[in-house]
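Enquirer: If you scroll down you'll find the structure; I have some questions about it.
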Amino acid sequence: MVLIMSRWVCGNSSPREAEVSLTSITGIKNTSIQDWIEIDDTYLKKLALKRELFEKQRNATIQILPGCEEAAFESLYLLADYLPRRYPSMFRRGDKNTIQNIETKEIWDLNRDATTWERYHPLEVMSLLASEDFLILTTDPETGVSSLKAGAICFPAGWQIQERIGHSLWQIHAGKVPQYESKLAKSMDRFFVRMRVNSAISRFNYAIDDSDELFHPHSHHNLRAEKKVHLDDLHLRVERQFLQRLPKTRALLFSIRTYITPITQVTKDQEVAAALRTSVGSYTEDVAAYKNKPLWDSILRDHLEQILDERRAA
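This is how it looks when you write it as structure tokens:
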């Protein structure tokens with residue numbers, strides 16, 4: 621089953637249909653690199669929040685291990701070349717290795733000897749040009765193990781980059797994500813190792829949260845139902861995850877685009893309401909605990925049943 625999400629996923633300024641698999645374990649699909657970055661009507665608001673977080677929560681938003689500078693600059697230059705082509709009314713590439721953000725009126729000097737780097741890291745500049753968060757991973761050629769080496773993360777979904785930096789995919793996910801060891805580990809490692817230059821893969825991940833906070837570093841998995849949740853508290857949090865291999869350094873660039881939408885807005889589409897009910901009803905016990913189903917199940921179930929009763933009566 622596929623949950624069809626359109627205008628409320630990408631915002632009113634650039635609606636498009638996006639498919640979020642509710643039953644596939646990985647939901648991975650081949651993607652065009654041209655679809656890397658998405659900009660909508662929340663763009664300026666998100667950039668303002670990122671700037672504040674980088675200033676006030678730096679340790680929780682930026683982590684860089686030694687040896688990642690070349691991959692970080694390669695990622696930045698890739699983005700700086702991409703944005704003016706994809707969004708020519710918003711970005712302009714200068715003759716002297718600069719990029720101008722027409723929306724914010726900022727001009728970034730990207731030369732390696734620029735004073736920019738006295739204050740900013742390349743991944744931070746990327747994050748202040750796009751709504752996405754960015755991670756860099758490298759793969760050990762002998763073991764095939766991929767590890768997190770750098771990241772600029774302002775919108776984490778219940779995790780802290782300072783606790784994951786330097787860890788392998790196994791260390792990050794095993795014992796935490798349901799079915800990772802049995803169904804996900806081998807396929808994820810295989811995808812990461814086989815990723816080729818000039819190709820990309822993407823997936824959508826979703827969760828139901830009782831908050832609309834974008835900066836959510838504290839775990840929101842396996843929580844106890846200790847507080848009363850109201851329908852207006854519930855939001856659908858969707859991550860669009862995008863993976864590509866860098867041509868020069870061969871590192872992996874992982875981008876995460878986060879959308880948060882009130883459940884009451886999402887379920888105005890009756891097909892979405894029906895798909896969501898089927899998906900939530902199919903959770904195994906471990907997935908239900910991981911996704912905090914006991915916290916919101918009764919209120920969401922009543923809401924969905926009311927919508928579907930109205931649909932049947934129409």
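For what it's worth, the numbering used here labels the leading residue of the sequence shown as 621, then goes sequentially.
Beta carbons: idealized from backbone N, C-alpha and C, even for Gly.
It should be emphasised that the depicted structure is a prediction, and the values quoted were computed from it without experimental measurement.
Rounded C-beta distance between residue 774 and residue 835? I'm assuming under 8 Å.
Expert: That belief holds up - the Cβ atoms of residue 774 and residue 835 are roughly 6 Å apart, short of 8 Å.
Enquirer: Mind checking whether residue 657 and residue 697 have CB atoms under 9 Å apart?
Expert: No. Outside cutoff.
Enquirer: Tell me the rounded alpha-carbon separation between residue 723 and residue 886.
Expert: Answer to the nearest angstrom: the Cα atoms are 29 Å apart.
Enquirer: Under the rule that 16 or more other beta-carbon atoms within 10 Å means buried, what is residue 692, buried or exposed?
Expert: It is buried - the Cβ of residue 692 has at least 16 other Cβ atoms within 10 Å.
Enquirer: Per DSSP, what are the beta-bridge partners of residue 832 in this structure?
Expert: Residue 832 is not bridged to any residue.
Enquirer: Apply the 10 Å Cβ neighbour rule to residue 817 and answer buried if 16 or more other Cβ atoms are within range, or exposed otherwise.
Expert: Flag for residue 817 reads exposed.
Enquirer: May I have the straight-line CA-CA distance separating residue 664 from residue 933, to the nearest angstrom?
Expert: Roughly 43 Å separates the two Cα atoms.
Enquirer: Mind checking which residues open and close the beta strand (DSSP E) that includes residue 716?
Expert: Unbroken run through residue 716: none, as it is neither H nor E.
Enquirer: Which first and last residues belong to the alpha helix (DSSP H) in which residue 677 is found?
Expert: Note, residue 677: premise wrong, no alpha helix (DSSP H); not H, not E.
Enquirer: On the DSSP letters alone, give me the boundaries of the alpha helix (DSSP H) that residue 806 sits inside.
Expert: Element bounds for residue 806: 805-814.
Enquirer: DSSP beta-bridge partners for residue 663?
Expert: According to DSSP, residue 663 bridges with nothing at all.
Enquirer: If you scan the region 714-768 from start to end, which runs of the alpha helix (DSSP H) of 4 or more residues do you find wholly inside it?
Expert: Segments of the alpha helix (DSSP H) lying fully in the region 714-768: 742-747.
Enquirer: Using the beta-carbon count (16 or more within 10 Å), is residue 848 buried or exposed?
Expert: It is exposed - the Cβ of residue 848 has fewer than 16 other Cβ atoms within 10 Å.
Enquirer: Let's see if you can read the secondary structure: which residues bound the beta strand (DSSP E) around residue 683?
Expert: Unbroken beta strand (DSSP E) run through residue 683: 682-684.
Enquirer: Which ranges would you report for the alpha helix (DSSP H) in the region 866-905 if only whole runs of at least 4 residues count?
Expert: Listed in chain order, the complete alpha helix (DSSP H) runs (minimum 4 residues) inside the region 866-905 are 883-886 and 890-901.
Enquirer: Among 695, 759 and 758, which residue has its Cα nearest to the Cα of residue 730?
Expert: The residue with the shortest Cα to Cα distance from residue 730 is 695.
Enquirer: Should residue 678 and residue 748 be called a contact, given that it needs their Cβ atoms to be closer than 9 Å?
Expert: Result no, Cβ atoms of residue 678 and residue 748 do not sit closer than 9 Å.
Enquirer: For residue 776 and residue 928, what's the separation of their Cα atoms in angstroms?
Expert: Going by the C-alpha atoms only, they are around 33 Å apart.
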